[in-house]
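Student: The opening position of the sequence shown corresponds to residue 87 in the numbering used here, with each subsequent residue numbered one higher. Glycine included, every Cβ here is placed at the ideal spot set by N, Cα and C. Please read all numbers here as calculations on a predicted model, not as lab measurements.
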Amino acid sequence: MPSAPFASNPDHAHLRAAGVSLALDLSGDTLPRVLHWGADLGENASFAALRTTTQRQPIGNSIGGPVDVAVLPEQSAGWLGTPGLVGNRAGRDFSTAFRVTATSVSDGGVVVRAEDTAAALALELTVELTAAGLVRQRAVLTNTGGSPFAVDAVNLTLPVPPEAVELLDFTGRHLRERAPLRTAFTQGLRMRENRTGRTGYDSAYLLAAGTEAFGHRTGEVWAVHTAWSGNHRTFAERTFHAVSLLGSGELLLSGEVELAPGESYTSPWQYGSYGAGLDEVSARFHDDLRARPQHPSSPRPVVVNTWEAVYFDHDLTRLKDLADAAAAVGGERFVLDDGWFGSRRDDRRGLGDWYVSDEVWPDGLGPIIDHVTGLGLQFGLWVEPEMINEDSDLARAHPDWIMAPGDRLPGAARNQQVLDLARPEAFRYVFDRLDDLLSTYDISYLKWDHNRDLVEAGHRPTGRAGVHGQTLATYRLLDELRAQHPTVEIESCSSGGGRVDLAILQRTDRVWVSDCIDALERQSIQRWTNTLVPLELMGTHVGSGTSHTTHRRHPLDFRAGTALFGHFGIEWDLTKASEEDRTRLAEWVALYKEVRGLLHTGTAVHADHPDPAYHVHGVVAKDGTDALYAIVATDTSAYYPTGPVRLPGLDPERTYHVRPQAPGDVPDGNAVRWGVRLPWWTDEGITTTGRALAVAGVQAPVLFPERLVLVRATAR
Ligand code: DGJ
Numbered sequence: 087m088p089s090a091p092f093a094s095n096p097d098h099a100h101l102r103a104a105g106v107s108l109a110l111d112l113s114g115d116t117l118p119r120v121l122h123w124g125a126d127l128g129e130n131a132s133f134a135a136l137r138t139t140t141q142r143q144p145i146g147n148s149i150g151g152p153v154d155v156a157v158l159p160e161q162s163a164g165w166l167g168t169p170g171l172v173g174n175r176a177g178r179d180f181s182t183a184f185r186v187t188a189t190s191v192s193d194g195g196v197v198v199r200a201e202d203t204a205a206a207l208a209l210e211l212t213v214e215l216t217a218a219g220l221v222r223q224r225a226v227l228t229n230t231g232g233s234p235f236a237v238d239a240v241n242l243t244l245p246v247p248p249e250a251v252e253l254l255d256f257t258g259r260h261l262r263e264r265a266p267l268r269t270a271f272t273q274g275l276r277m278r279e280n281r282t283g284r285t286g287y288d289s290a291y292l293l294a295a296g297t298e299a300f301g302h303r304t305g306e307v308w309a310v311h312t313a314w315s316g317n318h319r320t321f322a323e324r325t326f327h328a329v330s331l332l333g334s335g336e337l338l339l340s341g342e343v344e345l346a347p348g349e350s351y352t353s354p355w356q357y358g359s360y361g362a363g364l365d366e367v368s369a370r371f372h373d374d375l376r377a378r379p380q381h382p383s384s385p386r387p388v389v390v391n392t393w394e395a396v397y398f399d400h401d402l403t404r405l406k407d408l409a410d411a412a413a414a415v416g417g418e419r420f421v422l423d424d425g426w427f428g429s430r431r432d433d434r435r436g437l438g439d440w441y442v443s444d445e446v447w448p449d450g451l452g453p454i455i456d457h458v459t460g461l462g463l464q465f466g467l468w469v470e471p472e473m474i475n476e477d478s479d480l481a482r483a484h485p486d487w488i489m490a491p492g493d494r495l496p497g498a499a500r501n502q503q504v505l506d507l508a509r510p511e512a513f514r515y516v517f518d519r520l521d522d523l524l525s526t527y528d529i530s531y532l533k534w535d536h537n538r539d540l541v542e543a544g545h546r547p548t549g550r551a552g553v554h555g556q557t558l559a560t561y562r563l564l565d566e567l568r569a570q571h572p573t574v575e576i577e578s579c580s581s582g583g584g585r586v587d588l589a590i591l592q593r594t595d596r597v598w599v600s601d602c603i604d605a606l607e608r609q610s611i612q613r614w615t616n617t618l619v620p621l622e623l624m625g626t627h628v629g630s631g632t633s634h635t636t637h638r639r640h641p642l643d644f645r646a647g648t649a650l651f652g653h654f655g656i657e658w659d660l661t662k663a664s665e666e667d668r669t670r671l672a673e674w675v676a677l678y679k680e681v682r683g684l685l686h687t688g689t690a691v692h693a694d695h696p697d698p699a700y701h702v703h704g705v706v707a708k709d710g711t712d713a714l715y716a717i718v719a720t721d722t723s724a725y726y727p728t729g730p731v732r733l734p735g736l737d738p739e740r741t742y743h744v745r746p747q748a749p750g751d752v753p754d755g756n757a758v759r760w761g762v763r764l765p766w767w768t769d770e771g772i773t774t775t776g777r778a779l780a781v782a783g784v785q786a787p788v789l790f791p792e793r794l795v796l797v798r799a800t801a802r
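(1) Since V797 sits in a beta bridge, which residues does DSSP pair it with?
(2) What first and last residue would you give for the beta strand (DSSP E) that runs through Y357?
(3) Going by CA-CA distance only, name the one from Y527, A125, D486 that's closest to L507.
(4) If you pair each beta-carbon of the segment 393-409 with each one of the segment 536-549, do three or more pairs fall below 8 Å?
(5) I think T282 touches G363, with their Cβ atoms under 8 Å apart; what is that distance to the nearest whole Å?
(6) Report all residues from its chain with a CB closer than 8 Å to the CB of V597; omit the five preceding and five following residues, and keep chain order.
(7) Buried or exposed: G128, going by 16 or more other Cβ atoms within 10 Å of its Cβ?
(8) Mind reading off the beta-carbon distance from R105 to G219? Whole number of angstroms is fine, and I expect it under 8 Å.
(9) Does the Cβ-Cβ distance between V184 and L209 come in under 8 Å?
(10) Taking 7 Å as the cut-off, does the CB of L652 come closer than this to any heavy atom belonging to ligand 1?
(11) Hey, out of S478, Q380, K662, whose CA is closest to D565's CA?
(12) Between A716 and F651, is the Cβ-Cβ spacing less than 8 Å?
(13) Can you check whether the CB of G704 is closer than 8 Å to the CB of V691?
(14) Could you spell out the range, first to last residue, of the alpha helix (DSSP H) harbouring F256?
(15) If you run the structure through DSSP and keep just helix, strand and coil, what is P88?
(16) Using a Cβ-Cβ cutoff of less than 6 Å, which residues in the same chain neighbour A786 once the five nearest sequence positions on both sides are dropped?
(17) By the DSSP assignment, the beta strand (DSSP E) with S335 in it spans what residues?
(18) Quick one, which of H571, G647, V390 has its alpha-carbon nearest R608's?
(19) Ends of the alpha helix (DSSP H) at S368?
(20) When you compare only the Cα positions, how much space is there between E323 and V221?
(21) CB-CB under 6 Å to V226, same chain, minus the five flanking residues each way: which ones, in chain order?
(22) Select from P749, V784, R740 the residue whose C-alpha is nearest the C-alpha of G776.
(23) Give the DSSP bridge partners of S107, in chain order.
(24) Tell me, to the nearest whole angstrom, how far the beta carbon of N241 is from that of N280; I am working on the premise that it is less than 8 Å.
(25) Which residues mark the beginning and the end of the beta strand (DSSP E) in which D238 is found?
(26) Tell me which residue opens and which closes the beta strand (DSSP E) that A589 is part of.
(27) Return the residue from the list W440, H122, D694 that minimises the CA-CA distance to S330.
(28) Determine the contact status of L451 and V516, defining contact as a CB-CB distance below 8 Å.
(29) Thinking T187 and R199 are a contact (beta carbons under 8 Å), I'd like their distance in whole angstroms, please.
(30) Would a C-beta distance cut-off of 8 Å place L671 and L714 closer than the cut-off?
(31) Counting along the chain, where does the beta strand (DSSP E) carrying R276 start and finish?
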């Protein structure tokens, strides 16, 4: 007989949403413990039984009996791994034993208040399960004592089962963001720390633990993301007591956070996503982002960015010609990149002087903006508000506004330093300049750049490390500007994709995925960026025939078919493009406009195709009526012909009309190596079920390397 269902009550909470259960033990007066995070246990599950079946066998030498690890683990509760709280009060109060004082349980989550009266600390833990089945949790620590308390770390954790034996996380660098790393999940600690003062290239991004050889469509996967744009750590820890945790927190520099009496520290939100395969893990993040009231809902406009088209050559006539060419191919938003302000004629000077340059724009930005908006395009402007060149009027007037460990300046990077936004006067200056530009001109969009790591980034008035304060000040700057200019969209760029996280995405409308727009590199960078970020928030541009960053050459169809899966744009001097290319590009723009509704609301899917030379990915409409796939040859294959590929994610019960999607390599295209033609690769295509497409697949055309074809599947 099933035991009584466990409705919420003060000693436990069973949160369930979208196929996920989060079962929290709230009994006793110690901090909440997660007894199960993963597949839905169902409404008849017995919490009492779960509590008994998950309890560990007591072993010799352990402290105080069986150890259930709390979401903020403490040594006092028997946890000897990475601590939840690290801090001290002049060397004392280094270890806590929080006791719960109040618990409130609602449908979506739990808020627990606790105190350690001896250490004079209060803690508030919030643990939620969103409608998308995403866990999010954070801690607020308050100093209730009469003297300062130094906080070194606040780490939150989520448990995963022994079946999670492999880890996936990411590394990266400028021009090659989010390169996947696979390691075994064995005993010990895998700690991914990022000390670059921004989200960073070489940070975990997503740390996923999964069953053996888990893939996009296979296995069980538990993943965490640390929503923070400054220093942070994300880790996986497995003990010989068979406890396995995923954890994360802000990485605080020495002395960076000291709580005065009554002051609080708020940790970043930690997100946890469980799924049957990585695609499901990603879908939860995507659904959750899409449910936000501020999520961009207008069709994502075709961007034309001037950077790789003209770099610093700001010339009104040249840029008007570019805008004309942009409009002619169907561009909808023209973004004027770096070089429009102060003495900024190259990357050595001018940052901080947010006044339109008289030298290159003697009549202000009015003439170019009027021209662009006259063509029916929106106008966007590049800014880098957190930075300063030593060679700038701002630095000459306020040398002490530069972040530094003391009187000595850190080494310059890209010839620039960091402006200390935690200084109210510096913050106000930047806010006023941006506010003035947005109020004076018809600007719909800011490309908000951030081009260096924060190294030795101190707040000079206090002499303390300042990354924490800088991160919060940046959020405040974005929040205040958005409140003042609610219709202006903002892109998060950081030397390409160096600032991609869920906290920056709370206050921005897309991320620039990478400065590398080589389509081959982008296939990988976009695929993995998409594990967290939905396509409509990922900036993806078509570059010129020869990539500026790799010098590889690719045909337009491969470049455009790659940029299609994202927030599409063009970054190429179209005035120099051939007539033929411009005509073809206009066809791709037209396709993007036709399918952006599907791409930007549907579910992203990836086939786990075993041939490393082929990657198959796509987007399926939520109602299963429509889907678009790309079959991509990233290399030459060891197989000839290619063999079948699966088209995942369709409604198994429905029948679909499947055919090549133009433009690109339709039956008469130029990426497909034709011997005898593939029978279904015709204008008429084939009609079959979603189940057959997912299970038996379709024979893929033999492609030249670094080419792709599109396949459309429409429900009959
Ligand atoms: C780095 C960005 O990633 C580029 O797209 C471009 O905006 C440059 N900065 C401009 O300096």
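Tutor: According to the structure data:
(1) Position 711 of the sequence shown, counting from 1, holds the residue named residue 797. V797 pairs with Y715, P746.
(2) For the purposes of this step, residue 357 is identified with residue 271 of the sequence shown, where counting begins at 1. DSSP places Y357 in the uninterrupted beta strand (DSSP E) bounded by 355-361.
(3) Taking the first residue of the sequence shown as 1, we reach residue 507 at position 421. Answer by Cα proximity: D486.
(4) Fewer than three Cβ pairs drawn from the segment 393-409 and the segment 536-549 lie within less than 8 Å of each other, which leaves the two stretches out of contact.
(5) Counting from 1 along the sequence shown, the entry for residue 282 is found at position 196. Counting from 1 along the sequence shown, the entry for residue 363 is found at position 277. 31 Å between Cβ atoms; not a contact.
(6) As a first step, residue 597 is located in the sequence shown; it is residue number 511 there, counting from the start. Cβ neighbours of V597 beyond the five flanking positions: E577, S578, C579, G583, R585, V586, I590, L591, T615, V619, L623, M624, G625.
(7) As a working mapping, residue 128 is identified with position 42 in the sequence shown. By the 16-neighbour rule on beta-carbons within 10 angstroms, G128 is exposed.
(8) For the purposes of this step, residue 105 is taken as the residue at position 19 of the sequence shown. For the purposes of this step, residue 219 is taken as the residue at position 133 of the sequence shown. One point to set straight first is that residue 105 is Gly, not Arg, in the sequence displayed. Yes, they are in contact, since the Cβ atoms of G105 and G219 sit about 6 Å apart, within 8 Å.
(9) Along the sequence shown, one-based indexing puts residue 184 at 98. Along the sequence shown, one-based indexing puts residue 209 at 123. The sequence shown places Phe at residue 184, rather than the Val named in the question. It is a contact, given that the beta carbons lie within the stated cut-off.
(10) Taking the first residue of the sequence shown as position 1, residue 652 is located at position 566. Checking the sequence, you will find Gly at residue 652 rather than Leu. For ligand 1, not one heavy atom lies less than 7 Å from the Cβ of G652.
(11) Along the sequence shown, read from residue 1 onward, the residue named residue 565 stands at position 479. Looking from the CA of D565, the closest CA among S478, Q380, K662 belongs to Q380.
(12) If you number the sequence shown from 1, residue 716 lands on position 630. If you number the sequence shown from 1, residue 651 lands on position 565. Result yes, Cβ atoms of A716 and F651 sit closer than 8 Å.
(13) Indexing the sequence shown from 1 puts residue 691 at position 605. Indexing the sequence shown from 1 puts residue 704 at position 618. In contact: V691 and G704 (Cβ atoms closer than 8 Å).
(14) For the purposes of this step, residue 256 is taken as residue 170 along the sequence shown, with counting starting at 1. For F256, there is no enclosing alpha helix (DSSP H); the residue is part of the beta strand (DSSP E) that begins and ends at 252-259.
(15) Position 2 of the sequence shown, counting from 1, holds the residue named residue 88. At P88, the pLDDT of 34 sits below 50, so the modelled position is not reliable and the matter cannot be decided from this model.
(16) Residue numbering aside, residue 786 sits at position 700 when the sequence shown is read from its first letter. The residues I717, T728, V731, in chain order, have a CB closer than 6 Å to that of A786 in the same chain once the five nearest residues on each side in sequence are set aside.
(17) The sequence position of residue 335 within the sequence shown is 249, counting from 1. For the sequence presented, residue 335 should be read as Gly rather than Ser. Note, G335: beta strand (DSSP E), 330-336.
(18) Mapped onto the sequence shown, residue 608 falls at position 522. It is G647.
(19) Counted from its first residue, the sequence shown places residue 368 at position 282. First-last of the alpha helix (DSSP H) with S368: 364-376.
(20) Stepping through the sequence shown from its first residue, residue 323 is reached at position 237. Stepping through the sequence shown from its first residue, residue 221 is reached at position 135. Roughly 19 Å separates the two Cα atoms.
(21) Taking the sequence shown and counting its residues from 1, one reaches residue 226 at position 140. Same-chain partners within the cutoff: E210, S350, T352.
(22) As a working mapping, residue 776 is identified with position 690 in the sequence shown. For the residues P749, V784, R740, the minimum Cα distance to G776 belongs to R740.
(23) What you label residue 107 is simply residue 21 of the sequence shown in a count that begins at 1. DSSP lists R102, G124 as the bridge partner or partners of S107.
(24) In the sequence shown, the residue the question calls residue 241 occupies position 155. In the sequence shown, the residue the question calls residue 280 occupies position 194. The C-beta distance from N241 to N280 rounds to 14 Å, too long to meet the 8 Å contact threshold.
(25) Translated into the one-based positions of the sequence shown, residue 238 becomes position 152. D238 -> beta strand (DSSP E) spans 235-245.
(26) Numbered from 1 along the sequence shown, position 503 holds the residue referred to as residue 589. For A589, there is no enclosing beta strand (DSSP E), as DSSP gives it neither H nor E.
(27) As a working note, residue 330 is residue 244 in the sequence shown. Per the Cα distances, H122.
(28) As a first step, residue 451 is located in the sequence shown; it is residue number 365 there, counting from the start. As a first step, residue 516 is located in the sequence shown; it is residue number 430 there, counting from the start. Between L451 and V516, the C-beta spacing is not below 8 Å.
(29) Residue 187 sits at position 101 when you count from the first residue of the sequence shown. Residue 199 sits at position 113 when you count from the first residue of the sequence shown. With a beta-carbon spacing of about 5 Å, T187 and R199 fall inside the 8 Å limit used to define contacts.
(30) In the sequence shown, residue 671 corresponds to position 585, counting from 1. In the sequence shown, residue 714 corresponds to position 628, counting from 1. At a Cβ-Cβ threshold of 8 Å, L671 and L714 do not count as neighbours.
(31) For the purposes of this step, residue 276 is identified with residue 190 of the sequence shown, where counting begins at 1. First-last of the beta strand (DSSP E) with R276: 274-280.
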